[in-house]
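In UniProt numbering, the protein residues as written are 1 to 617. Even for Gly, the Cβ is constructed at its ideal location relative to N, Cα and C. Here the structure is a predicted model, which means the values were calculated and not measured.
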């Protein structure tokens, strides 16, 4: 039976008819309730609903899906059950909409001519202004045309939960011979030469003493033992830049895995306290996970390390007088700031690569950066007496690299924020106005490169790079890619703001050259396993897809006759072939790499058929 609460009638079961005596204040049924069932208004398409944005419900595809090349799935609405009055209201609304559209188009211009800027929030979809994830690029019309009709469902790349497709046949183990002093010294040298130099979060002399002490007295369950095992794991799997990487089938890989497994068992004990050593161990666990392509566990380790380091007193009082501290206090403050910065930037990088939810509003905002640079440690003369010349040189180079990398990442985020928030003057074309700022941005980037200390200078050819120069040059290419991205995407894809000035077309050509340069610059690290190997593979794969899309767009005329003035670099095809081989070499490391190999091979095969056809170049 229905029940009433105040003036409101609660739902009544359809199986039992309520008695009037039990519900004397029941409201009369609304008009027409007996002639038609009430229905919800027209809903947005699935893509717009997922983005939580307004959908114009145009047929067969809404405006947003048409722009991004996505499949627009809309639910059909049956108007047969609507009453006459409702149908008349809908018809009047349609008439009003048509009148508004006619008014806006009275001058003969396109309904949404983005080249004549009006309202940045409505006429410009700014999602194309910054580099896209690979899954979105694969949905572009020009690349879908190169792919087979029956495509696999689900995300192709990257896949956060992907695991390795190949497992070792035997469980990892390490014996007492691995803990012998001469063996440990080799592992320590490998760690500080090839791993720690990119993230100087430890005191080298102190760490060497801790590791040697643990190995001499036995591995217990102390934090020192956890740190020693992580250093040994990374020292086992790390190699010089020019050497072949350690494969999963090798004894060294299994030994590194056994060190890491033993360290993981001790990480839980560390979580009970927020100490510097806890943050360091969690960060190193994340670094090892990145070496083995376990990106999701790596992100969790970096996040936990960051949460731990945010409790440090030195970070709460950033403006303290650093010079007033004694030697021990300065080293503690330097170590706390270093681990905080390393955990912060590593978590941000992996978070963005996995395209995980959260923090999207601040993804390219400079305001989300820590308000300080980490402070390099200052040694007293007594401390310098205990360090070797190699240690001192290594620490100096690592900190030069560390600060240079952070400054470049800050520059990239600031430029990205300026591009994403750009608003051209009234009456100016969007891309033409945006292009006017490119020379100033190039000057800023050039000033950064010129100001690099000679220890990490990238003035020499890429073939002469050490690991620090290799990483910096890769980050620099990322900045150039971001700067030229709007012009490259607009040149390749339809339904984006059109442009005709030669200066803008020239920027698209330069942007395509950047993608070839990325593959050339990273070629030296194609067989190098390190913290950023997966990031490098992902970036090179994106460049290969952009080059294929640009070539197919020219060959098929998808981008329109007015946009085909850009030129492809002459060596672009060999660069794409190198990226296909790169993914083939690493496809056993993760499922998403195995997937993208199939996609790249298919695109490359179909491009070759297209280029030999009557529409080929």
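CB contact flag (residue 127, residue 353, <9 Å): Remark: C-beta atoms of residue 127 and residue 353 do not approach each other more closely than 9 Å.
Close Cβ partners of residue 618 (< 6 Å) along its chain, the five nearest in sequence each way excluded: Here the chain covers residues 1 to 617 and nothing more, so residue 618 does not appear.
Cα-Cα separation between residue 356 and residue 284, rounded to whole angstroms: Computed Cα separation, rounded: 22 Å.
Residues near residue 463 by beta carbon distance below 7 Å, same chain, minus five either side: Cβ within range, chain order: 524.
Boundaries (first-last residue) of the alpha helix (DSSP H) holding residue 544: According to the DSSP assignment, residue 544 belongs to the alpha helix (DSSP H) that extends over 533-556.
Closest residue to residue 375 among 331, 271, 405 and 211 (Cα-Cα distance): Among 331, 271, 405 and 211, the Cα nearest to that of residue 375 belongs to 331.
Beta-carbon contacts of residue 282 that lie in its chain and below 8 Å, excluding the five residues immediately before and after: Spatial neighbours of residue 282 in its own chain (CB-CB distance under 8 Å, excluding positions within 5 residues in sequence) are listed in chain order as 267, 270, 301, 302, 304, 305, 308 and 343.
Closest Cα partner of residue 292 within the set 179, 261, 277 and 181: Distance from the Cα of residue 292 is smallest, within the candidate group 179, 261, 277 and 181, for 261.
DSSP three-state assignment for residue 303, whether helix, strand or coil: Helix at residue 303.
As assigned by DSSP and simplified to three states, the class of residue 163: Low per-residue confidence applies at residue 163: pLDDT is 47, beneath 50, and the placement is therefore not dependable enough to give any value.
Residue environment, residue 345, which counts as buried when at least 16 other CB atoms sit within 10 Å: Residue 345 should be labelled buried.
Whole-angstrom C-beta distance between residue 514 and residue 480, which should lie under 8 Å: So it is a contact: roughly 5 Å between Cβ atoms.
Pairwise C-alpha distance: residue 491 and residue 599: Distance from the CA atom of residue 599 to the CA atom of residue 491, rounded to whole angstroms, is 23 Å.
Separation of residue 502 from residue 254, as counted between CA atoms: If I take the Cα positions, the gap works out to 56 Å.
Limits of the alpha helix (DSSP H) - the one that residue 185 falls within: Run containing residue 185: 181-194, per the alpha helix (DSSP H) assignment.
Reference residue 137; option with closest CA among 240, 213, 482 and 493: Per the C-alpha coordinates, the member of 240, 213, 482 and 493 positioned closest to residue 137 is 493.
Neighbourhood of residue 256 by C-beta distance below 6 Å, restricted to the same chain and skipping five residues each side: Residues 233, 236 and 237 of the same chain have their beta carbon placed closer than 6 Å to that of residue 256, with the five preceding and five following residues left out of the count.
Cα-Cα separation between residue 295 and residue 593, rounded to whole angstroms: Roughly 13 Å separates the two Cα atoms.
Selected residue, minimal CA-CA separation from residue 477, among 447, 488, 516 and 509: If we check each option's Cα against that of residue 477, 516 comes out closest.
Cβ-based neighbour list, residue 522, same chain, cut-off 7 Å, excluding 5 preceding and 5 following: Closer than 7 Å at Cβ, skipping near neighbours: 474, 536 and 540.
Among 340, 451 and 468, the one whose alpha carbon lies nearest that of residue 530: In terms of Cα proximity to residue 530, the closest of 340, 451 and 468 is 468.
CA-to-CA distance, residue 213 to residue 179, given in whole angstroms: Between residue 179 and residue 213, the C-alpha separation is close to 11 Å.
Cβ separation of residue 194 and residue 240, assumed to be a contact under 8 Å, to the nearest whole Å: Between the beta-carbon of residue 194 and that of residue 240 there is about 6 Å, and that keeps the pair under the 8 Å contact cut.
Alpha carbon of residue 259 to alpha carbon of residue 506, nearest angstrom: Taken atom to atom, the span from the alpha-carbon of residue 259 to that of residue 506 is near 52 Å.
Distance, residue 286 Cα to residue 438 Cα: Residue 438 and residue 286 have their alpha carbons spaced roughly 37 Å apart.
Nearest-angstrom beta carbon gap, residue 339 and residue 280 [assumed within contact, 8 Å]: Cβ atoms of residue 280 and residue 339 come within 8 Å of each other, at about 6 Å.
9 Å Cβ cutoff met for residue 405 and residue 198: Yes, Cβ-Cβ distance for residue 405 and residue 198 is below 9 Å.
Test item: CB-CB of residue 444 and residue 415 under 9 Å: Yes, they are a contact pair.
Reduced DSSP category for residue 139 - H, G, I as helix; E, B as strand; rest coil: Of the three classes helix, strand and coil, the one that applies to residue 139 here is coil, per DSSP.
CB contact flag (residue 248, residue 589, <9 Å): For the pair residue 248 and residue 589, the CB atoms are nearer than the 9 Å cut-off.
Segments assigned alpha helix (DSSP H), at least 4 residues, entirely inside the region 263-309: Listed in chain order, the alpha helix (DSSP H) elements of length 4 or more contained wholly in the region 263-309 are 276-291 and 295-309.
Residue 547 versus 574, 242, 527 and 205, residue with shortest Cα-Cα distance: Closest by alpha carbon: 574.
Option nearest residue 657 by Cα separation, candidates 147, 310 and 299: Residue 657 is absent from the structure shown; the chain starts at 1 and stops at 617.
Among 486, 65, 453 and 44, nearest to residue 403 - alpha-carbon criterion: Sorting 486, 65, 453 and 44 by C-alpha distance to the C-alpha of residue 403 places 453 at the top.
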